[in-house]
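What follows is one structure encoded as structure tokens, with my remarks underneath.
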Amino acid sequence: MRKGETKRQEMLAAAEKLFCSKGYEATSVQDILDVLHASKGGFYHHFASKEDVLKLLCAQRAERVADFAGRALESVSGDLRRINMVLYAFMPLRQEEAPFIRMLTPLIEKSEGRAIAMIYQDALHDSFAPLLQREIAKAEENGSVFPVVRGVESVVLHLANRCWMEAAALAVRCAREGERLDSAALLTALEKYRRAVEVLLDAPYGSIEVIRIEEWCRIADELRLLQN
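Residue numbers (my numbering): 199 to 426.
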């Protein structure tokens, strides 16, 4: 790796740690520079702005979780279980993603935060569409699903994006009000996404799992405690 690229990656790594520990809005460009003992000129040589840094981090994270999904699938058998594994990896609502989600979720109710969330959604789609397309094609070949349209993976991922954004928004509201996330209410709210994916894939009722409720409730509790 060339010296310039090494420095760029060091800045990205430092920014990610600060964003996750202090929060994106509370972190300044100067904070990043102070950690690295770098100059503003060096920062702006690589990045246009702090938002540009977050965009790049979102793209890198999307690639990493797609790699995680690919590795996880090596030990998963069964067509529908494999599709669920891809969807589980796709949604940034897992315990190992908690620091990143704690940073991202407070932004989603703000206009600039929604723009950043859309950037992350696009990055996730680009990284996961080929993987989900492959798994759906295998499942169709085995007679486990019967997709109603070609290119259904893009529609499924769009629904998955809407699903995790709604779950995140609900967690943010609960955290702000000091309340625990009601798992039953969350399950009711997200049932429409689960059922919509099953209809699109013509999969058996109850076979698709969009979010692991207990895991997301634990992360939501962490958001609430940090808020308080």
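All C-beta atoms, glycine included, are put in the ideal place defined by N, C-alpha and C. Note that the structure is a prediction, hence the values are computed from the model and not measured.
By Cβ distance, which residues of its chain are closer than 8 Å to residue i, with the 5 residues on each side in sequence left out?
i, result
"residue 185", "The structure shown does not extend to residue 185, since the chain spans only 199 to 426, so no value can be given for it."
"residue 419", "378, 379"
"residue 412", "381"
Could you name the residues of the same chain whose beta carbon sits closer than 6 Å to that of residue i, not counting the 5 residues immediately before and after it, in chain order?
i, result
"residue 256", "317, 318, 321"
"residue 407", "282"
"residue 325", "260, 261, 264"
Starting from residue i, trace the alpha helix (DSSP H) in both directions and tell me its first and last residue.
i, result
"residue 306", "That residue, residue 306, is in no alpha helix (DSSP H); it is neither H nor E in DSSP."
"residue 230", "227 to 234"
"residue 359", "350 to 375"
"residue 241", "238 to 244"
Where does residue i fall in DSSP's three states?
i, result
"residue 432", "Lying outside 199 to 426, the shown extent of the chain, residue 432 is not represented and no answer is given."
"residue 273", "helix"
"residue 400", "coil"
"residue 298", "helix"
"residue 340", "coil"
"residue 408", "coil"
"residue 183", "Outside the modelled stretch of the chain, which goes from 199 to 426, sits residue 183, for which no answer is possible."
"residue 223", "coil"
"residue 289", "coil"
Taking 7 Å as the limit between beta carbons, can you name the residues of its chain near residue i, skipping five residues before and five after?
i, result
"residue 208", "234"
"residue 357", "391, 394, 395"
"residue 329", "264, 267, 268, 284"
Q. Do three or more CB pairs link the segment 371 to 385 to the segment 347 to 363 at distances below 8 Å?
A. Using a Cβ-Cβ distance cut-off of 8 Å, the segment 371 to 385 and the segment 347 to 363 are not in contact, since fewer than three pairs of beta carbons, one from each stretch, lie closer than that value.
Q.
So, does the segment 288 to 304 touch the segment 232 to 241, judging by three or more C-beta pairs under 8 Å?
A. Touching, no.
Q: Decide if the segment 258 to 274 is in contact with the segment 243 to 250; the criterion is three or more beta carbon pairs, one per stretch, under 8 Å apart.
A: Cβ pair count under 8 Å is below three, so no.
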